[in-house]
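Undergrad: Take a look at this one; I'll ask things after.
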Amino acid sequence: MLPPLTKIIATLGPAVGQKKQIKALAQAGVNIFRLNLSHGVYPALTEWIGYIREVEKELGIYLGILLDLQGPKMRVGKIKNGSVQLRRGDCCVFTTGKPVGDEIPVQYAKFHQVVSPGDRVYLNDGQICVSVQKVSGKCVETKVSEGGLLSNFKGINLPDAEIDESPITPKDRRDLEFGLQAGVDFVALSFVGRARDIQLLRRMIRAKGGSAEIIAKIERRQAVERMDEIIEEADAVMVARGDLGVEIPLSEVPIIQNRILKECIRKSRPVIVATQMLESMIENARPTRAEVSDVSNAVMSGADAVMLSGETAVGKHPLSVVKVMVETICVAEKFLNESGAKEENWERLKKLPIARGVALTAQRMAGWLQARALVVFTESGGTAKTVASFRPKASILAFTSTEAQARRLILVRGTIPILVDGKVSLMEDIGELFRLIKSKRLLKKGDRVIITAGLPLGRPGWINVVRVETLP
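Laid out in C-alpha coordinates, this is it:
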(Lines of atoms letter the chains of each structure in order from A and count residues from 1; the text may use other names and numbers.)
(Lines give C-alpha, C1' and ligand atoms only; values in the text may rest on other atoms or scores of the structure.)
Protein backbone atom coordinates (compact mmCIF):
# COMPACT_ATOMS: atom_id res chain seq x y z
CA MET A 1 0.00 0.00 0.00
CA LEU A 2 1.35 3.40 -0.96
CA PRO A 3 1.48 6.09 1.76
CA PRO A 4 0.30 9.72 1.38
CA LEU A 5 2.49 11.93 -0.83
CA THR A 6 2.88 14.77 1.69
CA LYS A 7 5.32 14.01 4.49
CA ILE A 8 4.84 14.65 8.22
CA ILE A 9 7.50 16.00 10.56
CA ALA A 10 6.89 15.61 14.31
CA THR A 11 8.85 17.32 17.07
CA LEU A 12 10.03 15.13 19.94
CA GLY A 13 9.65 16.23 23.54
CA PRO A 14 8.45 15.11 26.96
CA ALA A 15 5.07 13.98 25.60
CA VAL A 16 6.64 11.48 23.16
CA GLY A 17 10.02 10.62 24.66
CA GLN A 18 9.57 6.86 25.00
CA LYS A 19 10.41 4.32 22.31
CA LYS A 20 6.86 2.94 22.18
CA GLN A 21 5.53 6.46 21.61
CA ILE A 22 8.02 7.14 18.80
CA LYS A 23 7.11 3.82 17.21
CA ALA A 24 3.40 4.61 17.44
CA LEU A 25 3.95 7.98 15.73
CA ALA A 26 5.96 6.33 12.93
CA GLN A 27 3.26 3.69 12.44
CA ALA A 28 0.63 6.46 12.33
CA GLY A 29 2.46 8.27 9.52
CA VAL A 30 5.36 10.38 10.81
CA ASN A 31 8.29 10.38 8.36
CA ILE A 32 10.80 12.68 10.05
CA PHE A 33 11.45 13.45 13.71
CA ARG A 34 12.59 16.94 14.71
CA LEU A 35 14.98 17.61 17.58
CA ASN A 36 14.45 21.18 18.80
CA LEU A 37 17.79 22.40 20.15
CA SER A 38 16.12 25.36 21.83
CA HIS A 39 15.15 22.73 24.40
CA GLY A 40 16.48 19.35 25.38
CA VAL A 41 19.78 18.04 26.69
CA TYR A 42 22.25 15.76 24.93
CA PRO A 43 21.57 12.59 27.00
CA ALA A 44 17.85 12.72 26.18
CA LEU A 45 18.48 13.60 22.53
CA THR A 46 20.96 10.72 22.21
CA GLU A 47 18.37 8.35 23.65
CA TRP A 48 15.71 9.57 21.20
CA ILE A 49 18.03 9.15 18.22
CA GLY A 50 18.75 5.58 19.34
CA TYR A 51 15.03 4.87 19.61
CA ILE A 52 14.39 6.23 16.10
CA ARG A 53 17.04 3.98 14.56
CA GLU A 54 15.68 0.96 16.45
CA VAL A 55 12.14 1.72 15.26
CA GLU A 56 13.43 1.97 11.68
CA LYS A 57 14.75 -1.58 11.84
CA GLU A 58 11.65 -2.95 13.53
CA LEU A 59 9.26 -1.40 10.99
CA GLY A 60 11.49 -1.89 7.95
CA ILE A 61 11.26 1.75 6.89
CA TYR A 62 13.52 4.79 6.79
CA LEU A 63 12.94 7.68 9.19
CA GLY A 64 14.65 11.06 8.95
CA ILE A 65 16.12 13.02 11.87
CA LEU A 66 16.08 16.82 11.72
CA LEU A 67 18.37 18.83 14.01
CA ASP A 68 16.84 22.30 14.44
CA LEU A 69 19.49 24.79 15.61
CA GLN A 70 18.31 27.49 18.01
CA GLY A 71 20.11 30.40 16.35
CA PRO A 72 20.64 33.87 17.86
CA LYS A 73 17.30 34.28 19.58
CA MET A 74 17.16 37.74 21.17
CA ARG A 75 15.64 37.90 24.63
CA VAL A 76 15.19 40.31 27.49
CA GLY A 77 17.15 39.42 30.60
CA LYS A 78 16.09 39.06 34.20
CA ILE A 79 13.63 41.86 34.95
CA LYS A 80 13.32 43.58 38.31
CA ASN A 81 10.58 41.78 40.30
CA GLY A 82 10.35 39.14 37.53
CA SER A 83 7.95 41.04 35.29
CA VAL A 84 6.70 44.49 34.36
CA GLN A 85 3.33 45.69 33.07
CA LEU A 86 3.86 47.91 30.01
CA ARG A 87 0.96 50.21 29.18
CA ARG A 88 0.26 52.07 25.96
CA GLY A 89 2.00 55.46 26.02
CA ASP A 90 4.47 54.46 28.75
CA CYS A 91 8.16 55.21 28.32
CA CYS A 92 10.54 52.34 29.07
CA VAL A 93 14.29 51.97 28.76
CA PHE A 94 16.16 48.88 27.55
CA THR A 95 19.87 48.42 28.20
CA THR A 96 22.66 46.10 27.15
CA GLY A 97 24.62 47.15 30.22
CA LYS A 98 23.89 46.68 33.90
CA PRO A 99 20.30 47.85 34.48
CA VAL A 100 19.67 50.79 36.78
CA GLY A 101 16.29 51.19 38.47
CA ASP A 102 13.48 50.01 36.18
CA GLU A 103 15.64 49.58 33.06
CA ILE A 104 14.98 46.32 31.21
CA PRO A 105 18.10 44.26 30.42
CA VAL A 106 18.59 42.84 26.91
CA GLN A 107 20.61 39.68 26.23
CA TYR A 108 21.97 40.91 22.91
CA ALA A 109 25.14 42.96 23.18
CA LYS A 110 24.60 44.88 19.92
CA PHE A 111 20.97 45.80 20.56
CA HIS A 112 21.76 49.49 21.03
CA GLN A 113 23.87 49.49 17.84
CA VAL A 114 21.35 47.96 15.43
CA VAL A 115 18.20 49.93 16.36
CA SER A 116 17.44 53.53 15.36
CA PRO A 117 14.76 56.08 16.31
CA GLY A 118 11.45 55.06 14.74
CA ASP A 119 12.25 51.32 14.70
CA ARG A 120 9.65 48.94 16.09
CA VAL A 121 10.65 46.42 18.77
CA TYR A 122 8.32 43.46 19.31
CA LEU A 123 8.38 41.53 22.59
CA ASN A 124 6.85 38.27 23.79
CA ASP A 125 6.09 36.79 20.34
CA GLY A 126 4.70 40.08 19.06
CA GLN A 127 2.22 40.59 21.91
CA ILE A 128 3.96 43.83 22.96
CA CYS A 129 5.29 46.56 20.66
CA VAL A 130 7.45 49.57 21.52
CA SER A 131 8.97 52.19 19.21
CA VAL A 132 12.51 53.48 19.62
CA GLN A 133 12.66 57.17 20.58
CA LYS A 134 16.33 57.68 21.39
CA VAL A 135 19.60 55.75 21.71
CA SER A 136 22.00 56.94 24.41
CA GLY A 137 25.11 54.81 24.82
CA LYS A 138 23.96 51.33 25.81
CA CYS A 139 20.46 52.54 26.65
CA VAL A 140 17.51 52.57 24.25
CA GLU A 141 14.55 54.76 25.17
CA THR A 142 11.21 53.56 23.80
CA LYS A 143 7.50 54.36 23.89
CA VAL A 144 4.91 51.60 24.26
CA SER A 145 2.44 51.38 21.38
CA GLU A 146 0.93 47.99 22.31
CA GLY A 147 1.13 47.03 25.97
CA GLY A 148 1.15 43.82 27.96
CA LEU A 149 2.91 41.91 30.72
CA LEU A 150 6.62 41.41 30.00
CA SER A 151 8.37 38.74 32.06
CA ASN A 152 11.89 37.34 32.27
CA PHE A 153 13.65 36.06 29.13
CA LYS A 154 10.85 36.78 26.65
CA GLY A 155 11.82 37.01 22.99
CA ILE A 156 12.63 40.16 21.00
CA ASN A 157 12.02 40.75 17.29
CA LEU A 158 13.45 43.68 15.31
CA PRO A 159 11.60 43.80 11.96
CA ASP A 160 13.10 47.17 10.96
CA ALA A 161 16.74 46.48 11.87
CA GLU A 162 19.38 45.20 9.46
CA ILE A 163 21.35 42.60 11.43
CA ASP A 164 24.52 41.74 9.55
CA GLU A 165 26.05 38.87 11.47
CA SER A 166 26.16 35.09 11.37
CA PRO A 167 23.05 33.29 12.64
CA ILE A 168 25.30 30.47 13.90
CA THR A 169 26.06 30.95 17.60
CA PRO A 170 28.68 29.15 19.74
CA LYS A 171 25.84 27.01 21.12
CA ASP A 172 24.79 26.13 17.56
CA ARG A 173 28.35 25.02 16.79
CA ARG A 174 28.34 22.66 19.77
CA ASP A 175 24.88 21.38 18.89
CA LEU A 176 25.92 20.85 15.26
CA GLU A 177 28.93 18.77 16.29
CA PHE A 178 26.71 16.67 18.54
CA GLY A 179 24.15 16.16 15.78
CA LEU A 180 26.67 15.22 13.10
CA GLN A 181 28.33 12.71 15.40
CA ALA A 182 24.89 11.23 16.11
CA GLY A 183 24.18 10.93 12.37
CA VAL A 184 21.30 13.37 11.83
CA ASP A 185 20.01 13.67 8.27
CA PHE A 186 18.97 17.34 8.16
CA VAL A 187 20.13 20.52 9.89
CA ALA A 188 17.68 23.43 10.06
CA LEU A 189 19.34 26.86 10.19
CA SER A 190 17.33 29.44 12.13
CA PHE A 191 17.18 33.17 11.34
CA VAL A 192 18.87 32.90 7.94
CA GLY A 193 19.56 36.33 6.48
CA ARG A 194 21.36 35.60 3.23
CA ALA A 195 22.91 32.83 1.12
CA ARG A 196 26.32 33.16 2.76
CA ASP A 197 24.83 32.00 6.09
CA ILE A 198 23.97 28.68 4.43
CA GLN A 199 27.39 28.51 2.77
CA LEU A 200 29.07 28.90 6.17
CA LEU A 201 27.00 26.10 7.68
CA ARG A 202 27.74 23.86 4.69
CA ARG A 203 31.49 24.39 5.15
CA MET A 204 31.14 23.51 8.83
CA ILE A 205 29.24 20.31 8.02
CA ARG A 206 31.76 19.27 5.36
CA ALA A 207 34.68 20.04 7.70
CA LYS A 208 33.24 17.52 10.16
CA GLY A 209 32.87 14.93 7.39
CA GLY A 210 29.08 15.22 7.45
CA SER A 211 26.59 15.01 4.59
CA ALA A 212 23.44 16.32 6.29
CA GLU A 213 21.24 18.50 4.10
CA ILE A 214 20.58 22.11 5.12
CA ILE A 215 17.04 23.37 5.64
CA ALA A 216 16.90 27.18 5.55
CA LYS A 217 14.22 28.59 7.86
CA ILE A 218 12.67 31.72 6.37
CA GLU A 219 11.45 33.63 9.42
CA ARG A 220 12.87 37.15 9.07
CA ARG A 221 11.94 40.08 6.84
CA GLN A 222 15.54 40.12 5.65
CA ALA A 223 15.19 36.49 4.49
CA VAL A 224 11.96 37.26 2.63
CA GLU A 225 13.71 40.08 0.77
CA ARG A 226 16.55 37.68 -0.20
CA MET A 227 14.29 34.70 -0.79
CA ASP A 228 15.66 33.80 -4.23
CA GLU A 229 19.31 33.53 -3.21
CA ILE A 230 18.43 31.61 -0.03
CA ILE A 231 16.30 29.04 -1.87
CA GLU A 232 18.99 28.65 -4.52
CA GLU A 233 21.67 27.88 -1.91
CA ALA A 234 19.63 25.70 0.48
CA ASP A 235 18.91 21.98 0.10
CA ALA A 236 15.38 22.56 1.42
CA VAL A 237 13.34 25.40 2.94
CA MET A 238 11.05 25.76 5.94
CA VAL A 239 8.34 28.41 6.11
CA ALA A 240 8.74 29.16 9.84
CA ARG A 241 5.58 31.14 10.39
CA GLY A 242 6.07 31.84 14.11
CA ASP A 243 8.77 34.51 14.02
CA LEU A 244 7.81 35.39 10.44
CA GLY A 245 4.37 36.41 11.70
CA VAL A 246 6.03 38.85 14.06
CA GLU A 247 8.51 40.27 11.56
CA ILE A 248 5.87 40.99 8.91
CA PRO A 249 2.13 41.79 9.12
CA LEU A 250 0.05 38.66 9.74
CA SER A 251 -2.05 39.41 6.67
CA GLU A 252 1.07 39.02 4.50
CA VAL A 253 2.13 35.63 5.89
CA PRO A 254 -0.15 33.51 3.61
CA ILE A 255 1.07 35.47 0.58
CA ILE A 256 4.72 35.00 1.55
CA GLN A 257 4.08 31.31 2.21
CA ASN A 258 2.58 30.89 -1.25
CA ARG A 259 5.50 32.71 -2.88
CA ILE A 260 8.04 30.53 -1.07
CA LEU A 261 6.23 27.33 -2.05
CA LYS A 262 6.02 28.31 -5.71
CA GLU A 263 9.69 29.28 -5.89
CA CYS A 264 10.84 26.12 -4.09
CA ILE A 265 8.80 23.92 -6.41
CA ARG A 266 10.20 25.77 -9.43
CA LYS A 267 13.76 25.21 -8.19
CA SER A 268 13.20 21.57 -7.12
CA ARG A 269 13.76 22.36 -3.44
CA PRO A 270 11.69 20.46 -0.86
CA VAL A 271 9.60 22.89 1.20
CA ILE A 272 8.12 22.51 4.68
CA VAL A 273 5.19 24.47 6.12
CA ALA A 274 5.53 24.82 9.89
CA THR A 275 4.15 26.42 13.06
CA GLN A 276 0.69 26.33 14.67
CA MET A 277 -0.76 23.89 12.17
CA LEU A 278 -2.89 22.05 14.75
CA GLU A 279 -1.88 24.05 17.82
CA SER A 280 -5.23 23.86 19.61
CA MET A 281 -4.67 20.10 19.91
CA ILE A 282 -1.92 20.75 22.44
CA GLU A 283 -4.85 20.95 24.85
CA ASN A 284 -7.93 19.83 22.90
CA ALA A 285 -8.82 16.44 21.44
CA ARG A 286 -10.14 18.00 18.22
CA PRO A 287 -8.67 20.69 15.96
CA THR A 288 -10.42 23.86 14.86
CA ARG A 289 -11.87 24.08 11.36
CA ALA A 290 -9.38 26.82 10.54
CA GLU A 291 -6.46 24.56 11.48
CA VAL A 292 -7.69 21.73 9.26
CA SER A 293 -8.11 24.23 6.43
CA ASP A 294 -4.55 25.44 7.03
CA VAL A 295 -3.12 21.93 6.69
CA SER A 296 -5.28 21.20 3.65
CA ASN A 297 -4.24 24.42 1.92
CA ALA A 298 -0.56 23.64 2.52
CA VAL A 299 -1.02 20.23 0.90
CA MET A 300 -2.95 21.62 -2.08
CA SER A 301 -0.34 24.36 -2.52
CA GLY A 302 2.28 21.66 -3.03
CA ALA A 303 4.19 21.50 0.27
CA ASP A 304 6.55 18.54 0.51
CA ALA A 305 5.98 18.31 4.26
CA VAL A 306 3.93 19.76 7.09
CA MET A 307 5.39 20.04 10.58
CA LEU A 308 4.07 19.57 14.10
CA SER A 309 5.85 21.36 16.95
CA GLY A 310 4.32 21.66 20.41
CA GLU A 311 1.40 19.50 19.27
CA THR A 312 3.57 16.38 19.60
CA ALA A 313 6.41 17.63 21.82
CA VAL A 314 4.32 18.74 24.80
CA GLY A 315 0.72 18.16 23.73
CA LYS A 316 -1.88 16.01 25.46
CA HIS A 317 -2.89 14.14 22.28
CA PRO A 318 0.27 13.55 20.16
CA LEU A 319 -0.95 10.38 18.44
CA SER A 320 -4.38 11.86 17.69
CA VAL A 321 -2.70 14.93 16.19
CA VAL A 322 -0.78 12.77 13.71
CA LYS A 323 -3.92 10.84 12.80
CA VAL A 324 -5.78 14.10 12.13
CA MET A 325 -2.86 15.29 10.01
CA VAL A 326 -2.82 12.06 7.98
CA GLU A 327 -6.59 12.14 7.43
CA THR A 328 -6.47 15.78 6.31
CA ILE A 329 -3.58 15.08 3.94
CA CYS A 330 -5.34 12.07 2.41
CA VAL A 331 -8.57 13.96 1.77
CA ALA A 332 -6.71 16.92 0.23
CA GLU A 333 -4.63 14.63 -1.98
CA LYS A 334 -7.73 12.72 -3.08
CA PHE A 335 -9.27 16.02 -4.17
CA LEU A 336 -6.10 16.91 -6.09
CA ASN A 337 -6.04 13.48 -7.70
CA GLU A 338 -9.64 13.76 -8.86
CA SER A 339 -9.30 17.31 -10.16
CA GLY A 340 -8.04 17.79 -13.69
CA ALA A 341 -4.46 18.74 -14.47
CA LYS A 342 -3.99 22.46 -14.88
CA GLU A 343 -3.26 23.86 -18.29
CA GLU A 344 0.45 24.36 -18.89
CA ASN A 345 2.10 27.26 -20.61
CA TRP A 346 3.58 25.20 -23.43
CA GLU A 347 5.66 28.07 -24.77
CA ARG A 348 7.37 28.28 -21.39
CA LEU A 349 7.85 24.51 -21.29
CA LYS A 350 9.65 24.55 -24.64
CA LYS A 351 12.49 26.36 -22.88
CA LEU A 352 12.96 23.71 -20.18
CA PRO A 353 16.38 22.01 -19.84
CA ILE A 354 16.42 18.41 -21.10
CA ALA A 355 16.33 16.81 -17.62
CA ARG A 356 13.33 18.86 -16.49
CA GLY A 357 11.58 18.35 -19.81
CA VAL A 358 11.94 14.57 -19.53
CA ALA A 359 10.82 14.68 -15.88
CA LEU A 360 7.69 16.58 -16.94
CA THR A 361 7.07 14.01 -19.67
CA ALA A 362 7.31 11.21 -17.08
CA GLN A 363 4.87 13.03 -14.80
CA ARG A 364 2.40 13.55 -17.66
CA MET A 365 2.72 9.94 -18.84
CA ALA A 366 2.04 8.70 -15.31
CA GLY A 367 -1.23 10.61 -15.39
CA TRP A 368 -2.24 9.64 -18.90
CA LEU A 369 -1.46 5.93 -18.38
CA GLN A 370 -2.75 5.83 -14.79
CA ALA A 371 0.59 4.57 -13.51
CA ARG A 372 0.73 3.67 -9.83
CA ALA A 373 4.30 4.91 -9.41
CA LEU A 374 7.30 6.51 -11.04
CA VAL A 375 10.67 4.79 -10.63
CA VAL A 376 13.90 6.80 -10.43
CA PHE A 377 17.53 5.90 -9.82
CA THR A 378 19.43 8.49 -7.84
CA GLU A 379 22.69 8.85 -5.93
CA SER A 380 22.58 12.57 -5.09
CA GLY A 381 18.79 12.84 -4.79
CA GLY A 382 18.66 15.29 -7.70
CA THR A 383 16.66 13.07 -10.05
CA ALA A 384 13.95 12.40 -7.45
CA LYS A 385 13.71 16.11 -6.58
CA THR A 386 13.43 17.06 -10.25
CA VAL A 387 10.62 14.58 -10.90
CA ALA A 388 8.86 15.55 -7.65
CA SER A 389 8.99 19.24 -8.58
CA PHE A 390 6.29 18.58 -11.20
CA ARG A 391 4.07 17.22 -8.41
CA PRO A 392 3.00 13.90 -9.97
CA LYS A 393 -0.10 12.30 -8.48
CA ALA A 394 1.72 8.96 -8.32
CA SER A 395 4.35 8.01 -5.74
CA ILE A 396 8.06 8.08 -6.62
CA LEU A 397 10.06 4.93 -5.87
CA ALA A 398 13.63 6.21 -5.51
CA PHE A 399 16.35 3.56 -5.73
CA THR A 400 19.62 4.62 -4.12
CA SER A 401 22.74 2.85 -2.85
CA THR A 402 23.33 4.47 0.57
CA GLU A 403 21.23 4.60 3.73
CA ALA A 404 22.23 8.23 4.27
CA GLN A 405 20.77 9.26 0.91
CA ALA A 406 17.70 7.09 1.45
CA ARG A 407 16.93 8.97 4.66
CA ARG A 408 17.44 12.36 3.01
CA LEU A 409 15.00 11.40 0.25
CA ILE A 410 12.25 10.96 2.84
CA LEU A 411 11.64 14.72 2.82
CA VAL A 412 10.86 14.81 -0.92
CA ARG A 413 7.13 14.82 -1.70
CA GLY A 414 5.76 11.43 -2.69
CA THR A 415 9.17 9.77 -2.55
CA ILE A 416 9.69 6.29 -1.08
CA PRO A 417 13.41 5.45 -0.83
CA ILE A 418 14.52 1.89 -1.59
CA LEU A 419 18.09 0.76 -0.87
CA VAL A 420 19.90 -1.26 -3.54
CA ASP A 421 23.40 -2.58 -4.10
CA GLY A 422 25.21 0.14 -6.05
CA LYS A 423 26.62 -2.48 -8.39
CA VAL A 424 23.19 -3.66 -9.53
CA SER A 425 21.98 -2.08 -12.77
CA LEU A 426 18.22 -2.26 -12.46
CA MET A 427 17.75 -0.63 -15.84
CA GLU A 428 19.36 -3.72 -17.37
CA ASP A 429 17.84 -6.28 -14.97
CA ILE A 430 14.18 -5.29 -14.96
CA GLY A 431 13.24 -8.57 -13.26
CA GLU A 432 15.33 -7.66 -10.21
CA LEU A 433 13.66 -4.24 -10.18
CA PHE A 434 10.21 -5.83 -10.07
CA ARG A 435 11.32 -8.27 -7.35
CA LEU A 436 12.48 -5.40 -5.14
CA ILE A 437 9.26 -3.44 -5.66
CA LYS A 438 7.11 -6.45 -4.83
CA SER A 439 9.20 -7.25 -1.74
CA LYS A 440 8.22 -3.86 -0.29
CA ARG A 441 4.51 -4.70 -0.80
CA LEU A 442 3.94 -1.32 -2.39
CA LEU A 443 2.59 -2.48 -5.76
CA LYS A 444 0.91 -5.58 -7.13
CA LYS A 445 0.75 -7.59 -10.34
CA GLY A 446 -0.68 -5.55 -13.20
CA ASP A 447 0.30 -2.17 -11.77
CA ARG A 448 1.91 0.14 -14.31
CA VAL A 449 5.09 2.11 -13.56
CA ILE A 450 6.97 4.86 -15.39
CA ILE A 451 10.74 4.41 -15.16
CA THR A 452 13.03 7.44 -15.55
CA ALA A 453 16.80 7.44 -15.60
CA GLY A 454 19.84 9.24 -16.91
CA LEU A 455 22.14 7.31 -19.22
CA PRO A 456 25.01 6.90 -18.85
CA LEU A 457 24.46 6.49 -15.11
CA GLY A 458 26.35 8.63 -12.60
CA ARG A 459 25.49 12.16 -13.71
CA PRO A 460 23.64 13.90 -10.82
CA GLY A 461 20.15 15.11 -11.70
CA TRP A 462 20.42 13.96 -15.33
CA ILE A 463 17.31 12.38 -16.89
CA ASN A 464 17.05 11.41 -20.56
CA VAL A 465 15.14 8.11 -20.56
CA VAL A 466 11.46 7.32 -19.93
CA ARG A 467 10.24 3.73 -19.99
CA VAL A 468 6.79 2.21 -19.35
CA GLU A 469 6.48 -1.22 -17.68
CA THR A 470 3.75 -3.35 -16.11
CA LEU A 471 4.50 -5.53 -13.10
CA PRO A 472 4.19 -9.21 -14.07
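Numbering-wise, our numbering puts 415 at position 381 of the sequence shown, and it's gapless, one number per residue.
Heads up, the beta-carbon is just placed ideally off N, CA and C, and yes, glycines get one too.
As the structure is a computational prediction, the values presented were derived from the model and not from experiment.
1. Would you mind working out which of 123, 202, 141, 148 sits nearest residue 176, comparing C-alpha positions?
2. Count the other CB atoms within 10 Å of the CB of residue 484; is the residue buried (16 or more) or exposed (fewer)?
3. Can you pull the DSSP bridge partners for residue 154?
4. What are the boundary residues of the beta strand (DSSP E) that includes residue 341?
5. Is it buried or exposed for residue 369, if we count other Cβ within 10 angstroms and need 16 for buried?
6. Alpha carbon to alpha carbon, how far is residue 487 from residue 393? Give it in angstroms, no decimals.
7. Who are the Cβ neighbours of residue 439 in its own chain at under 7 angstroms, not counting the five residues just before and after it?
8. Name the two residues that bound the continuous alpha helix (DSSP H) containing residue 59.
9. Using alpha carbons as the reference points, say which of 472, 405, 476 lies closest to residue 506.
10. Measure the alpha-carbon distance for residue 468 versus residue 504 and round it to whole angstroms.
11. Assess contact between the region 197-216 and the region 155-171, defined as three or more Cβ pairs (one per stretch) separated by less than 8 angstroms. Is contact present?
12. Report yes or no: do three or more beta-carbon pairs, one from the region 305-312 and one from the region 264-277, lie closer than 8 angstroms?
13. Does residue 295 come out as helix, strand or coil in the three-state DSSP assignment?
14. Distance check for residue 223 and residue 277, CA to CA, integer angstroms please.
15. Measure how close the beta-carbons of residue 15 and residue 388 come, nearest whole angstrom, since I'm counting them as under 8 angstroms.
16. Contact between the region 75-88 and the region 166-180: three or more CB pairs below 8 angstroms?
17. Quickly, what does DSSP pair residue 108 with across the bridge? List them, please.
18. Look at the alpha carbon of residue 437 and the alpha carbon of residue 187, and state the distance between them as a whole number of angstroms.
19. Excluding sequence positions up to five away, which residues of its chain have a Cβ less than 6 angstroms from the Cβ of residue 371?
20. Considering only the alpha carbon of each residue, which of 267, 302, 311 lies closest to residue 288?
21. Residue 198 by DSSP, collapsed to three states: which one?
22. Could you tell me if residue 281 is buried or exposed, where buried requires 16 or more neighbouring beta carbons within 10 angstroms of its beta carbon?
23. Any idea what DSSP makes of residue 416, helix, strand or coil?
24. Here's a check: name, in chain order, each residue in its chain whose Cβ is nearer than 7 angstroms to the Cβ of residue 366, leaving out the five neighbours to either side.
25. For the putative contact between residue 221 and residue 248, defined by C-beta atoms under 8 angstroms, what is the C-beta separation to the nearest angstrom?
26. Take residue 319 and list the residues in its own chain whose beta-carbon comes closer than 7 angstroms to its own, dropping the five residues that flank it on each side.
27. So residue 58 packs on residue 346, CB below 8 angstroms; how close in whole Å?
28. Relative to the alpha-carbon of residue 194, which residue among 149, 86, 323, 94 has its alpha-carbon at the smallest distance?
29. Please return the same chain residues whose Cβ sits closer than 7 angstroms to the Cβ of residue 231, not counting the five positions on each side in sequence.
30. Would residue 104 and residue 206 be called neighbours here (beta carbons separated by less than 8 angstroms)?
31. Could you please give the first and the last residue of the uninterrupted alpha helix (DSSP H) stretch that includes residue 361?
32. Measuring straight from C-alpha to C-alpha, what distance separates residue 72 and residue 464?
33. Name the DSSP bridge partner or partners of residue 22?
34. Rank 139, 406, 109, 96 by C-alpha distance to the C-alpha of residue 115 and give the top, closest one.
35. What residue from 323, 340, 106 has the CA that sits closest to residue 45's CA?
36. Are the beta-carbon atoms belonging to residue 264 and residue 298 less than 8 angstroms from one another?
TA: In terms of the structure at hand:
1. The sequence position of residue 176 within the sequence shown is 142, counting from 1. Nearest of 123, 202, 141, 148 to residue 176, Cα basis: 123.
2. For the purposes of this step, residue 484 is taken as residue 450 along the sequence shown, with counting starting at 1. Residue 484 comes out buried.
3. The residue labelled residue 154 in the question sits at position 120 within the sequence shown. In DSSP, residue 154 forms a bridge with 165.
4. If you number the sequence shown from 1, residue 341 lands on position 307. Counting along the chain, the beta strand (DSSP E) containing residue 341 begins and ends at 339-342.
5. The residue labelled residue 369 in the question sits at position 335 within the sequence shown. Exposed, by the Cβ-count rule.
6. By one-based count along the sequence shown, residue 393 stands at place 359. By one-based count along the sequence shown, residue 487 stands at place 453. Spanning the two alpha carbons is a distance of roughly 9 angstroms.
7. If you number the sequence shown from 1, residue 439 lands on position 405. Excluding sequence neighbours, residue 439 sits near 413, 415.
8. What you label residue 59 is simply residue 25 of the sequence shown in a count that begins at 1. Where residue 59 is concerned, the enclosing alpha helix (DSSP H) stretches over 53-62.
9. Within the sequence shown, residue 506 is the residue found at index 472, counting from 1. When only C-alpha atoms are compared, the closest one is 472.
10. Here the question's residue 468 lines up with position 434 in the sequence shown. Here the question's residue 504 lines up with position 470 in the sequence shown. Taking the straight line from one Cα to the other gives about 9 angstroms.
11. no
12. yes
13. Position 261 of the sequence shown, counted from the first residue, corresponds to residue 295. Helix.
14. Position 243 of the sequence shown, counting from 1, holds the residue named residue 277. Position 189 of the sequence shown, counting from 1, holds the residue named residue 223. Distance between the alpha carbons of residue 277 and residue 223 is about 14 angstroms.
15. Residue 15 is absent from the model: the chain starts at 35 and stops at 506.
16. no
17. Residue mapping note: residue 108 aligns to position 74 of the sequence shown, counting from 1. Answer is 190.
18. In the sequence shown, counting from the first residue as 1, residue 437 sits at position 403. In the sequence shown, counting from the first residue as 1, residue 187 sits at position 153. Their Cα atoms are separated by approximately 41 angstroms.
19. Stepping through the sequence shown from its first residue, residue 371 is reached at position 337. Answer for residue 371: 427, listed in chain order.
20. Residue numbering aside, residue 288 sits at position 254 when the sequence shown is read from its first letter. The candidate whose alpha carbon is nearest that of residue 288 is 311.
21. To locate residue 198, count along the sequence shown from 1; it is residue 164. Reduced to three states, the DSSP call for residue 198 is coil.
22. Your numbering for residue 281 matches position 247 in the sequence shown. So residue 281 ends up on the buried side.
23. Here residue 416 refers to the residue found at position 382 when the sequence shown is read from its first residue. In the structure shown, residue 416 sits in a helix (DSSP, three-state: H, G or I).
24. Walking along the sequence shown from the start, residue 366 turns up at place 332. Counting only Cβ-Cβ distances below 7 angstroms, and skipping sequence neighbours, we find 330, 333, 334.
25. Here residue 221 is taken as the residue at index 187 of the sequence shown, counted from 1. Here residue 248 is taken as the residue at index 214 of the sequence shown, counted from 1. Between residue 248 and residue 221 the Cβ distance is about 6 angstroms, and since that is below 8 angstroms, they are a contact.
26. Within the sequence shown, the letter at position 285 stands for residue 319. So the list reads 351, 354, once near-sequence residues are dropped.
27. In the sequence shown, residue 58 corresponds to position 24, counting from 1. In the sequence shown, residue 346 corresponds to position 312, counting from 1. Going by Cβ atoms, the distance from residue 58 to residue 346 rounds to 11 angstroms, so no, they are not a contact pair.
28. Within the sequence shown, the letter at position 160 stands for residue 194. Comparing Cα-Cα distances from residue 194 to each of 149, 86, 323, 94, the minimum goes to 149.
29. Here residue 231 refers to the residue found at position 197 of the sequence shown. Closer than 7 angstroms at Cβ, skipping near neighbours: 200, 201, 223.
30. Counting from 1 along the sequence shown, the entry for residue 104 is found at position 70. Counting from 1 along the sequence shown, the entry for residue 206 is found at position 172. It is a contact, given that the beta carbons lie within the stated cut-off.
31. If you number the sequence shown from 1, residue 361 lands on position 327. That run of the alpha helix (DSSP H) goes 352-372.
32. The count along the sequence shown starts at 1 and reaches residue 72 at position 38. The count along the sequence shown starts at 1 and reaches residue 464 at position 430. In a straight line, the C-alpha of residue 72 is about 48 angstroms away from that of residue 464.
33. In this structure the chain extends from 35 to 506, so residue 22 is not present and cannot be described.
34. Residue numbering aside, residue 115 sits at position 81 when the sequence shown is read from its first letter. The candidate whose alpha carbon is nearest that of residue 115 is 139.
35. Position 11 of the sequence shown, counted from the first residue, corresponds to residue 45. The option with the nearest alpha carbon to residue 45 is 340.
36. Translated into positions along the sequence shown, residue 264 becomes position 230. Translated into positions along the sequence shown, residue 298 becomes position 264. Taking 8 angstroms as the Cβ cut-off, residue 264 and residue 298 do not qualify as a contacting pair.
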